[in-house]
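Peer 1: Attaching a single structure in structure tokens format; questions to follow.
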Amino acid sequence: MNIQRKQASARHQNRLVVDFEDNRLLTAVFGEHDRNLARIEQRLGVVIINRGNRVAIEGNQARRDIAKKVLNELYDMAGRGQNLDLGTVDGAIRMADNGGSDGDSDLSTRGLTTKVETVDGTVQITTRNRVIQPRSPAQADYMSKLAESDMVFGVGPAGTGKTYLAVAMGVAKMLAGEIDRIILSRPAVEAGENLGFLPGDLKEKVDPYLRPLYDALYDMLPVEQVENRLEGNQIEIAPLAYMRGRTLSNAFVILDEAQNTSTMQMKMFLTRFGENSRMVICGDPSQVDLPDGSPSGLAHALRVLEGVDGIATTRFTADDVVRHALVGRIVNAYDKEEEAVTTGKKAPRRPRTAHNTKASDDA
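For the sequence shown, the residue numbers in the numbering used here are 68 to 430.
This is the structure we're talking about:
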């Protein structure tokens, strides 16, 4: 009996209880079939027990405190009407685990206006239907630089939000009247920058290459506003091949897939910079589609421009991937393979199991 009392006492000492006022919001916080709680338990190594409006968190004290921050942040988001998917939960965990948001932010009511705000030292963007907050320390650094710097390089693997956050910031600054227009550019490597043979007008020719940018725009603005602003040239589609000779003033200019520029194309693009403009260059140096032996303009620019006043760089890693968790593991696997090739070491083989042994024998 004494042993049971001691065990119960130990559990009580390792338990943190959090009370919430509104039970209705907890349905969204917990997620369907408590999947959000399960995610927090899995990522932080804690046990969460929910009863009514009370949540008990058991585990290591530091982990309990982080879990409490995450739950408070999710509760605040639910109160603002945000959708709490697993990506949002992962982002809240990353920020809490790295000393980011403390869950006590007080955001003004969502409206139809897209705007940039700083809450508890973290830059976030309020759009017509959501609040875009950083989901990793690197994203927080990137959003801060997008808000303040004239030229920003966002470099890292796919799925880290480089382009999406740049488009969101551009829309916010356009609606706030800080700039007159948004210019979206991307090298059309697959067509050799020669788009004339494709059917349709210029916009129709480059649409396939700029689809990710459109997807981000439609997340920030109603479809009809995007179309109207495209027709009025407030949002301009400018393939890299057509940028030569221009001076881009009063604009928020985004170059996507910058790793597929040549060194001369990159220099040409960067020197288009005009008065009252912002430039964002997004790219993944590990996914260069240029012909073999052609140096990437992105890698060259990062080397040449390092330390130049007015230019900021954020480097993302696989830990900052905000798509499905599998994407981060894929990026890590490719990075390890590339490192093994560079160092001359063989990549580790998968352990032989009954399953893959049979597959090998069948082959």
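All C-beta atoms, glycine included, are put in the ideal place defined by N, C-alpha and C.
Under a three-way DSSP split, which group does L372 fall into?
Peer 2: coil
Peer 1: At the level of alpha carbons, what is the spacing between K212 and R382?
Peer 2: 12 Å
Peer 1: My output table needs one value for R130: the three-state DSSP class, helix, strand or coil.
Peer 2: Helix, per DSSP.
Peer 1: Around the C-beta of L393, are 16 or more other C-beta atoms found within 10 angstroms, so that it is buried, or is it exposed?
Peer 2: exposed
Peer 1: Thinking just about the alpha-carbon of each residue, which of E184, K240, M236, M144 is nearest to the one in T94?
Peer 2: M144
Peer 1: To the nearest angstrom, how far is the alpha carbon of V320 from that of G237?
Peer 2: When the Cα atoms are used, V320 and G237 turn out to be separated by approximately 8 Å.
Peer 1: Quick check on E303: does DSSP put it in helix, strand or coil?
Peer 2: strand
Peer 1: Around the Cβ of E140, are there at least 16 other Cβ atoms within 10 angstroms (buried) or fewer (exposed)?
Peer 2: Around the beta carbon of E140, 16 or more other beta carbons lie within 10 angstroms, which makes this residue buried.
Peer 1: For a quick check, are the C-beta atoms of M241 and Q292 less than 8 Å apart?
Peer 2: no
Peer 1: What are the boundary residues of the beta strand (DSSP E) that R91 is part of?
Peer 2: No beta strand (DSSP E) contains R91, which is instead part of the alpha helix (DSSP H) from 90-97.
Peer 1: Can you list, in chain order, the residues of its chain with a C-beta nearer than 7 Å to that of K135? Leave out the 5 residues immediately preceding and following it.
Peer 2: L83, V85, I124
Peer 1: May I have the straight-line CA-CA distance separating T155 from I133, to the nearest angstrom?
Peer 2: Between the alpha carbons of T155 and I133 lies a gap of roughly 15 Å.
Peer 1: Kindly identify the DSSP beta-bridge partner or partners of R339.
Peer 2: BP columns for R339 are empty, so no partner.
Peer 1: Below 8 Å, can you find three or more Cβ-Cβ pairs linking the region 354-371 to the region 321-338?
Peer 2: yes
Peer 1: Could you check where the alpha helix (DSSP H) with I107 kicks off and where it finishes?
Peer 2: 102-111
Peer 1: Tell me the residue span of the alpha helix (DSSP H) that contains A205.
Peer 2: Unbroken alpha helix (DSSP H) run through A205: 204-215.
Peer 1: Compare the beta carbon distance of L111 and G146 with 8 Å and say whether it is the shorter of the two.
Peer 2: no
Peer 1: Just mark S361 as buried or exposed, buried being the case when its beta carbon has 16 or more other beta carbons within 10 Å.
Peer 2: Within 10 angstroms of the beta-carbon of S361 lie fewer than 16 other beta-carbons, which makes it exposed.
Peer 1: Since V250 and R345 are thought to touch, with beta carbons under 8 Å apart, how far apart are those beta carbons, to the nearest angstrom?
Peer 2: Per the sequence shown, residue 250 should be read as Ile rather than Val. Not really, about 10 Å apart at Cβ, beyond 8 Å.
Peer 1: Please classify A243: is it buried, with 16 or more other beta-carbons within 10 angstroms of its beta-carbon, or exposed?
Peer 2: exposed
Peer 1: Whole-angstrom Cβ separation of A318 and S216, contact assumed at under 8 Å?
Peer 2: No, A318 and S216 are not in contact; Cβ-Cβ is about 15 Å, not under 8 Å.
Peer 1: Would you kindly report the start and end of the unbroken alpha helix (DSSP H) that includes I250?
Peer 2: According to the DSSP assignment, I250 belongs to no alpha helix (DSSP H) but to the beta strand (DSSP E) extending over 248-252.
Peer 1: Shortest alpha-carbon distance to N474 belongs to which of E303, K334, S353, M218?
Peer 2: Outside the modelled stretch of the chain, which goes from 68 to 430, sits residue 474, for which no answer is possible.
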